Amino acid sequence: MSGINYVTKETLDQMREELNYLKTKGRAEIARAIAEAREKGDLKENAEYDAAKEAQGMHEARLASLESAIATARVVEADSIDTSKVSILCKVTITNMANKKTFTYQLVSEKEADLKQNKISVTSPIGKGLLGKTVGEIADVQAPNGSLKFKIENITV
Numbered sequence: 000m001s002g003i004n005y006v007t008k009e010t011l012d013q014m015r016e017e018l019n020y021l022k023t024k025g026r027a028e029i030a031r032a033i034a035e036a037r038e039k040g041d042l043k044e045n046a047e048y049d050a051a052k053e054a055q056g057m058h059e060a061r062l063a064s065l066e067s068a069i070a071t072a073r074v075v076e077a078d079s080i081d082t083s084k085v086s087i088l089c090k091v092t093i094t095n096m097a098n099k100k101t102f103t104y105q106l107v108s109e110k111e112a113d114l115k116q117n118k119i120s121v122t123s124p125i126g127k128g129l130l131g132k133t134v135g136e137i138a139d140v141q142a143p144n145g146s147l148k149f150k151i152e153n154i155t156v
């Protein structure tokens, strides 16, 4: 992972908690599963052992990913956000020019993106298209299914 990872303080705290859990209890659970599988005999034909070792690999990869994300994290405070243009952590009300439907999204980092909570990543096609736009401006977004036009209605924190 390269570049700066902009997050809220809450997200950074959540990432640190998960990292702490993975380093302590998570590793202990994996070690226990490997030990149990090892006791069951021949490792060449032991599916439980193979599964436990694969889980260990995925666990360590997640741990490394979190460490990298935390190392590159920069906390963005809500009171330092400029609402004259769309930027990370802004809540943007947009109108789809094709069907006239209005949506409000908050632009967040990839780690925080959750469409169910109306949080979209600044690296998504819509997020990239909205960044830097001002109220009243039309954003031409290049999405995988073609070009979409959104009018910026409002920008808040």
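Residue 76 in numbering that gives the first Met the number 0 sits at position 77 of the sequence shown, with consecutive numbering throughout. C-beta: ideal position from N, C-alpha, C; glycine also. This structure is a prediction, so every number in the text was calculated from the model and none was measured.
**Q.** Span of the alpha helix (DSSP H) around Asn19
**A.** On the sequence shown, residue 19 is found 20 positions in, with the first residue counted as 1. Start and end: 8-20.
Assigned exposure category for Val6 - 16 Cβ within 10 Å defines buried: Counting from 1 along the sequence shown, the entry for residue 6 is found at position 7. The residue is buried, with at least 16 neighbouring Cβ atoms inside 10 Å.
Could you name the residues that DSSP lists as bridge partners for Asp113? Taking the first residue of the sequence shown as 1, we reach residue 113 at position 114. Answer is Lys118, bridged to Asp113.
- Closest Cα partner of Lys148 within the set Val74, Leu106, Phe102, Glu47: As a working mapping, residue 148 is identified with position 149 in the sequence shown. Nearest C-alpha to Lys148: Phe102.
Out of curiosity, what's the CA-to-CA distance linking Ala139 and Gln55? Residue numbering aside, residue 139 sits at position 140 when the sequence shown is read from its first letter. Residue numbering aside, residue 55 sits at position 56 when the sequence shown is read from its first letter. Residue 139 is actually Asp in this sequence, not Ala. Distance between the alpha carbons of Asp139 and Gln55 is about 44 Å.
- [ ] Note down the Cα distance separating Ser146 from Ile137, rounded to an integer number of angstroms.
- [x] As a working note, residue 146 is residue 147 in the sequence shown. As a working note, residue 137 is residue 138 in the sequence shown. If I take the Cα positions, the gap works out to 12 Å.
Practice item. Helix, strand or coil for Thr133, going by three-state DSSP, please let me know. Key: By one-based count along the sequence shown, residue 133 stands at place 134. Coil, per DSSP.
Should Asn98 be labelled buried (16 or more other beta-carbon atoms within 10 Å of its own) or exposed? Position 99 of the sequence shown, counted from the first residue, corresponds to residue 98. Asn98 comes out exposed.
Segment limits, alpha helix (DSSP H) that includes Ala30:
For the purposes of this step, residue 30 is taken as residue 31 along the sequence shown, with counting starting at 1. It spans 26-37 - the alpha helix (DSSP H) in which Ala30 sits, taken as one unbroken run.
Opening and closing residue of the alpha helix (DSSP H) in which Ser67 lies: In the sequence shown, counting from the first residue as 1, residue 67 sits at position 68. It spans 46-70 - the alpha helix (DSSP H) in which Ser67 sits, taken as one unbroken run.
I'd like to know whether the C-beta atoms of Val152 and Thr94 end up nearer to each other than 8 Å. The residue you call residue 152 lines up with position 153 of the sequence shown. The residue you call residue 94 lines up with position 95 of the sequence shown. One detail in the question is off: residue 152 reads as Glu in this sequence, not Val. Taking 8 Å as the Cβ cut-off, Glu152 and Thr94 qualify as a contacting pair.
The segment 75-89 touching the segment 12-23, judged by at least three CB pairs closer than 8 Å:
no
| said: Here's the rule: buried if 16 or more other CB atoms are within 10 angstroms of the residue's CB, otherwise exposed. What is Phe120? | reply: For the purposes of this step, residue 120 is taken as the residue at position 121 of the sequence shown. The question names Phe, but residue 120 in the sequence shown is Ser. Counting Cβ neighbours within 10 Å, Ser120 comes out buried, since at least 16 surround it.
| request: Kindly indicate which three-state DSSP category Glu152 falls into: helix, strand or coil? | output: Your numbering for residue 152 matches position 153 in the sequence shown. Three-state result, Glu152: strand.
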